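Undergrad: Per our numbering, the very first residue in the sequence shown carries number 20; after that it's consecutive.
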Amino acid sequence: MNEKVVLAYSGGLDTTYCAVWLREQGYAVHTCTVQTGGFDADELAAIAARARTLGVVDHCTVDARRELCDDYLRYLIFANALRGDVYPLSVSAERIVQAKRCAQHGIERGAAALAHGSTGAGNDQVRFDVGFRIFAPELAILTPIRDQALTREQEVAYLGERGVHVPPKTGVYSINRGLWGTTIGGAETHRSDGVLPEDAYVLTPPPERRPTTPEEVAIRFARGVPVALGGTALEPVRLIETLNEQAGRHGVGRGVHVGDTILGIKGRVAFEAPAALVLIAAHRELEKLVLSRQQLLWKRTLGDLYASLLHEARFFDPLMRDLEAFLLSSQRTVSGEVRVRLFAGQATVLGATSPYSLLGAGARYGETSSLWTGAEAAAFSKIYGLQDWLLARAATEGDAADATVD
20 MNEKVVLAYS
30 GGLDTTYCAV
40 WLREQGYAVH
50 TCTVQTGGFD
60 ADELAAIAAR
70 ARTLGVVDHC
80 TVDARRELCD
90 DYLRYLIFAN
100 ALRGDVYPLS
110 VSAERIVQAK
120 RCAQHGIERG
130 AAALAHGSTG
140 AGNDQVRFDV
150 GFRIFAPELA
160 ILTPIRDQAL
170 TREQEVAYLG
180 ERGVHVPPKT
190 GVYSINRGLW
200 GTTIGGAETH
210 RSDGVLPEDA
220 YVLTPPPERR
230 PTTPEEVAIR
240 FARGVPVALG
250 GTALEPVRLI
260 ETLNEQAGRH
270 GVGRGVHVGD
280 TILGIKGRVA
290 FEAPAALVLI
300 AAHRELEKLV
310 LSRQQLLWKR
320 TLGDLYASLL
330 HEARFFDPLM
340 RDLEAFLLSS
350 QRTVSGEVRV
360 RLFAGQATVL
370 GATSPYSLLG
380 AGARYGETSS
390 LWTGAEAAAF
400 SKIYGLQDWL
410 LARAATEGDA
420 ADATVD
């Protein structure tokens, strides 16, 4: 056949199987690794070397980390996006970037098809399919894992017969590591009560290897965007990478999420997202200091909607641009510094300061407030509770009248 196909390649079990199987079907396989975080230079070099041992025509690595931060992650921070109040959408945005860059590479290479290694059970298949069709609608989409309904054991056996061996952990767990966190799936996450063993985690050490003293970190935000750690200005990628390491060594960021998949079934996944959870907690605290009550109310509502649509592969709906405009506007005063304590698997927000703080001297909460007198407070309380008093009075009088009639 020798038709060109560009494969979104991570170096893991599924995409390694795809590379070998597609080559055996006669395709000229071009692998493309889109770096959205999680790989250092040595790991990227190893992925490229591994791809070439599989007989691919060529391999390319695309660094899309800054694009991920600027076009996607900052809005997730603005939205304080946590799926089910726990999961920071660690891979949702990354799949859009990966699909986009692979599609662009496929067009540049004159490919006839694009391929990905997603299964037929999860959300990633939809994200890749939608992205491929948006950015390269003329190219076919090949999905060997989904089409053949393969188990990880079958993939390992197939590759082993061809002299391709995968690390034991790769065969047991499906691990997706990126800038915004790592997801881990395996036998334990297929049960509602399964607990991952310590050696399944990749970013956070077990309790006995964590620091024995707390560590504090100061995070500075400018219009909702994190711009500095501990007084040192950092560009977004470096800031998130640094915070992943700093918070991760304390065991911060672990969690398990149960939720609804795009296909309508429940799914369960373990994750490690140290930087994401710390940044969202710090950003949310700063917002509480500077935004109005109504802003906070509608930000929670529309932020949850934005996160849900992104998670469910609806990123290209025009509504998302409308929501991004709202989120961006809401960050005009979200500037300041937040202190967070990292220790024993927990990130505790200690406090925040901002030039836009609504907790000013005159508005201090407590006995020393100077914005009203005691008499004014008493009058306000009386008027504030007036309707409840009228309702209670009417109910009492009505009950008495009914009793007389009876």
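All C-beta atoms, glycine included, are put in the ideal place defined by N, C-alpha and C. If you're wondering where the values come from, they're calculated on a predicted model, not measured in any experiment.
When burial is assigned at 16 or more other CB atoms within 10 Å of the CB, is Gly249 buried or exposed?
TA: It counts as exposed.
Undergrad: Taking the alpha-carbon of Ser137 as reference, which of Ser29, Val76, Val236 has the nearest alpha-carbon?
TA: Ser29
Undergrad: If you follow the alpha helix (DSSP H) that Arg268 is in, where does it begin and where does it stop?
TA: Unbroken run through Arg268: none, as it is neither H nor E.
Undergrad: In whole angstroms, give me the CA-to-CA distance for Tyr403 and Ala394.
TA: 14 Å
Undergrad: Count the other CB atoms, across all protein chains shown, that sit within 10 Å of the CB of Ile203; report buried if there are 16 or more and exposed otherwise.
TA: Note on Ile203: 16 or more other CB atoms within 10 angstroms of its CB, so buried under the neighbour-count rule.
Undergrad: Evaluate Ile284 with the Cβ neighbour count: other Cβ atoms within 10 Å of its Cβ, from every protein chain shown; 16 or more gives buried, anything less gives exposed.
TA: Exposed, because fewer than 16 other Cβ atoms sit within 10 Å of the Cβ of Ile284.
Undergrad: Closer than 7 Å by C-beta to Arg376: which residues in its own chain qualify, once you throw out the five before and the five after it? Chain order, please.
TA: Looking at the sequence shown, residue 376 is not Arg but Ser. Within the same chain, Ser376 has close Cβ partners Leu308, Val309.
Undergrad: Near Val81, what residues of its chain come up, given a Cβ to Cβ distance below 6 Å and the 5 sequence neighbours on each side ignored?
TA: Val53, Arg120
Undergrad: In terms of residues, what are the limits of the beta strand (DSSP E) holding Cys37?
TA: First-last for Cys37: 32 to 43, but that is the alpha helix (DSSP H), not the beta strand (DSSP E).
Undergrad: For Gly125, which residues in the same chain have their Cβ closer than 7 Å to its Cβ, ignoring the five residues on either side in sequence?
TA: Val25, Leu133, Ala155, Leu158
Undergrad: Under the three-state reduction of DSSP, which class applies to Leu377: helix, strand or coil?
TA: coil
Undergrad: Looking only at its chain, what residues have a beta carbon closer than 7 Å to the beta carbon of Val145, apart from the 5 residues adjacent to it on each side?
TA: Closer than 7 Å at the Cβ level, and outside the excluded window around Val145, lie Ile281, Ala332.
Undergrad: Could you pull the start and end residues of the beta strand (DSSP E) that Leu26 belongs to?
TA: 23 to 27
Undergrad: Near Arg351, which residues of its chain fall below 8 Å by C-beta distance, leaving aside the five closest residues on each side in sequence?
TA: Arg242
Undergrad: Got a sec? Which residues, its chain only, sit under 6 Å from Glu343 by beta carbon, not counting five neighbours each side?
TA: Tyr94
Undergrad: What's the call for Pro107, buried or exposed, on a 16-neighbour Cβ count within 10 Å?
TA: buried
Undergrad: Secondary structure at Tyr325, three-state DSSP: helix, strand or coil?
TA: helix
Undergrad: Taking the straight line between their C-alpha atoms, what separation do you get for Gly274 and Thr208?
TA: 12 Å
Undergrad: Using a threshold of 9 Å, state whether the C-beta atoms of Val175 and Val39 are closer than that.
TA: no
Undergrad: Quick check: the Cα distance between Trp408 and Asp418, rounded to an integer number of angstroms?
TA: 15 Å
Undergrad: Starting from Val309, trace the alpha helix (DSSP H) both ways and give me its first and last residue.
TA: Where Val309 is concerned, the enclosing alpha helix (DSSP H) stretches over 293 to 309.
Undergrad: Does DSSP classify Tyr220 as helix, strand or coil?
TA: coil
Undergrad: Does Leu92 pass the burial test, meaning 16 or more other C-beta atoms within 10 Å, or should it be called exposed?
TA: buried
Undergrad: Would a C-beta distance cut-off of 9 Å place Gly278 and Arg102 closer than the cut-off?
TA: yes
Undergrad: If you check the beta carbons only, do Phe151 and Ala130 fall under 9 Å apart?
TA: Cβ distance not < 9 Å, so Phe151 and Ala130 don't count as in contact.
Undergrad: Could you check what DSSP says for Val81 in three-state terms: helix, strand or coil?
TA: Strand at Val81.
Undergrad: Comparing alpha-carbon positions, which option in Ala252, Thr232, Thr72, Val297 lies nearest Glu264?
TA: Val297
Undergrad: Find out if the Cβ-Cβ distance for the pair Ala363, Pro224 is shorter than 9 Å.
TA: no
Undergrad: Under the three-state reduction of DSSP, which class applies to Asn263: helix, strand or coil?
TA: It is helical.
Undergrad: Given a cut-off of 9 Å, decide if Thr251 and Leu222 are closer than it, judged by their beta-carbon atoms.
TA: no
Undergrad: With a threshold of 6 Å on Cβ separation, who are the neighbours of Leu73 within its own chain once the five nearest residues in sequence on each side are excluded?
TA: Ala38, Val39
Undergrad: Ends of the beta strand (DSSP E) at Glu227?
TA: Where Glu227 is concerned, there is no enclosing beta strand (DSSP E), given that its DSSP letter is neither H nor E.
Undergrad: What would DSSP say about Val214, mapped onto helix, strand or coil?
TA: coil
Undergrad: At 4 residues or longer, what runs of the alpha helix (DSSP H) sit wholly inside the region 178 to 208?
TA: DSSP assignment within the region 178 to 208 yields the following whole alpha helix (DSSP H) runs of 4 residues or more, N-terminal first: 187 to 191.
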